Amino acid sequence: MKIILGVSGGIAAYKAAELARLLMQQGHEVQAVMTDAAREFVQPLTFSALTGRKTLTNMFEVEHAIGHISVAQESDVLVIAPATADLMAKLAHGLAGDFLSTIYLAFTGPVVLAPAMNVNMWNHPATQANLETLRRRGHHIVEPESGYLACGMTGPGRLANPETIAAAVARAGAKRTDLEGETVLITAGPTQEPLDPVRYISNRSSGKMGYALAEAAVSRGARVILISGPVSIPAPRGVELVPVQTAVEMRDKVFENLEPAGIVIKAAAVADFHLSKVPDQKVKKTAARITLEFDPTPDILAELGRQKGDRLLIGFAAETQNLEREARRKLETKNCDMIVGNLVGGDLGFGSEDNEVALALRTGEVISLPRASKREIADRIFDEALKLRFALQAAHGR
Ligand code: C5P
3 MKIILGVSGG
13 IAAYKAAELA
23 RLLMQQGHEV
33 QAVMTDAARE
43 FVQPLTFSAL
53 TGRKTLTNMF
63 EVEHAIGHIS
73 VAQESDVLVI
83 APATADLMAK
93 LAHGLAGDFL
103 STIYLAFTGP
113 VVLAPAMNVN
123 MWNHPATQAN
133 LETLRRRGHH
143 IVEPESGYLA
153 CGMTGPGRLA
163 NPETIAAAVA
173 RAGAKRTDLE
183 GETVLITAGP
193 TQEPLDPVRY
203 ISNRSSGKMG
213 YALAEAAVSR
223 GARVILISGP
233 VSIPAPRGVE
243 LVPVQTAVEM
253 RDKVFENLEP
263 AGIVIKAAAV
273 ADFHLSKVPD
283 QKVKKTAARI
293 TLEFDPTPDI
303 LAELGRQKGD
313 RLLIGFAAET
323 QNLEREARRK
333 LETKNCDMIV
343 GNLVGGDLGF
353 GSEDNEVALA
363 LRTGEVISLP
373 RASKREIADR
383 IFDEALKLRF
393 ALQAAHGR
């Protein structure tokens, strides 16, 4: 692999030399990039000698003006070790004032960050918020270890050991291409059903699970059509985003885009009811009680179940109780191949970064996945979906 090793300015910078040596030993090509602050701790020559390549330090030193773009384009993985609090803040906010942060913005592949800093800096809400942003962006974070820190304090903040970081780089760089040639249609987020021109009813769905699925599918080589209700998170790079507002709009867009899709995942929290007749004008406030009449919305998943053909159809069941039973029931009634059941109501589910789910499969099997990030759960769902398709095809003698 071609690896960019970014080194930012912390006392742990000297340990990055060991990481460079290890990556070289594993047969990778390593291009070291140092920030000015890193150079206060270690000489660029150390990395140049270990990697056999001139260490890049200054944006204005490379042979051609767009050096950062070509370095970014030619590489498979970007690992930054140590990643200081300052550097993570820059990455989180897209500041690109030096060579390393510019490469970061120009780089489209997997990013591994190994933070190291003083324990109070690590625990600071600003650092934790930046970390969360970077995690949500899909970057691999190699957590710092707890122990004695150079500043004399004890706690989390010590750079993870080079072997752990090298293993994370190998995992991040292992390209999965098992969805290449596949079109995956995913619905995500809530729907909003108008009550009048200025009001609506909706639900607490954040869209994070559906977006994590979209990101996982893109990174495994799929073409992804993401039909999304209103959410406050950005669409993952590389997906075709189709924004919708209501259940009826979502239904129409799903069927418009269904043809090429081999896998359909309905992660959206579609409203179950909408107003039978939406007033043209804003409803005036009065002292009187008002009664609204709702009709059921189209059940998109059930409709898909009736005309799915060979497609793999995956639905979600967000439940507050009897998870497995409900998941199995929906599997049957909506003619799905898999129902991803998740308990909502505690600290998991809507809005949270993590999830814990049970997969009910058409084969009768139920697979429980332990608590993990929504991105990791997304990959497990695709792993199981591909296995399931293989099993179903084998059962049909195809
Ligand atoms: O029956 P319930 O709404 O709990 O089922 C949830 C599953 O059905 C989800 O996959 C959701 O996206 C889908 N659904 C739908 N259309 C609706 C309601 C739910 O596709 N109107």
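With the working numbering applied, the sequence shown covers 3 to 400.
Glycine included, each C-beta is placed from N, C-alpha and C at the ideal position.
Here the structure is a predicted model, which is why all the values come from computation and not from measurement.
On the DSSP letters alone, give me the boundaries of the beta strand (DSSP E) that residue i sits inside.
i, result
"M340", "340-345"
"P298", "296-298"
"D254", "Run containing D254: none in the beta strand (DSSP E); it sits in the alpha helix (DSSP H), 249-258."
"Q323", "Here Q323 belongs to no beta strand (DSSP E), and DSSP marks it neither H nor E."
"V171", "Element bounds for V171: not the beta strand (DSSP E) but the alpha helix (DSSP H), 164-175."
Hey, would you say the C-beta of residue i is under 7 Å away from at least one heavy atom of the ligand C5P?
i, result
"I265", "no"
"L394", "no"
"L303", "yes"
"V244", "no"
"D88", "no"
"F257", "no"
"D274", "yes"
"G209", "no"
"T135", "no"
"K332", "yes"
"T322", "no"
"T248", "no"
"A319", "yes"
Going straight from the alpha carbon of residue i to that of residue j, what length do you get?
i, j, result
"A15", "P84", "6 Å"
"S234", "L228", "15 Å"
"G307", "L260", "12 Å"
"E126", "F296", "The displayed chain sequence assigns His, not Glu, to residue 126. So the alpha carbons of these two residues sit roughly 47 Å apart."
"T288", "F275", "25 Å"
"I292", "S230", "31 Å"
"P117", "L215", "26 Å"
"T53", "V113", "20 Å"
"L467", "K310", "Because the chain in this structure spans residues 3 to 400, residue 467 falls outside the shown range and cannot be described."
"L47", "I13", "17 Å"
"N344", "L361", "9 Å"
"S77", "G111", "8 Å"
"L388", "R382", "10 Å"
"A396", "L363", "15 Å"
Heavy atom of the ligand ADP less than 7 Å from the Cβ of residue i, yes or no?
i, result
"E305", "Absent from the structure shown: the ligand ADP. Ligands present: the ligand C5P."
In terms of residue numbering, what span does the alpha helix (DSSP H) encompassing residue i cover?
i, result
"Q130", "127-138"
"D356", "Looking at the DSSP string, D356 is not in any alpha helix (DSSP H); the run it does join, the beta strand (DSSP E), is 356-363."
"P46", "46-53"
"E31", "Here E31 belongs to no alpha helix (DSSP H); instead the beta strand (DSSP E) covers 31-36."
"T2", "This structure cannot settle anything about residue 2, because the visible part of the chain is limited to 3 through 400."
Taking buried to mean at least 16 other C-beta atoms within 10 Å of its own C-beta, is residue i buried or exposed?
i, result
"C338", "buried"
"S103", "buried"
"P281", "exposed"
"F392", "exposed"
Throw me the rounded Cβ distance for the residue i and residue j pair, which I believe falls under 8 Å.
i, j, result
"L303", "K268", "5 Å"
"V44", "G8", "The pair is not a contact, with the Cβ atoms about 13 Å apart (cut-off 8 Å)."
"V2", "I167", "The displayed coordinates of the chain run from 3 to 400. Any statement about residue 2 would go beyond what the structure contains."
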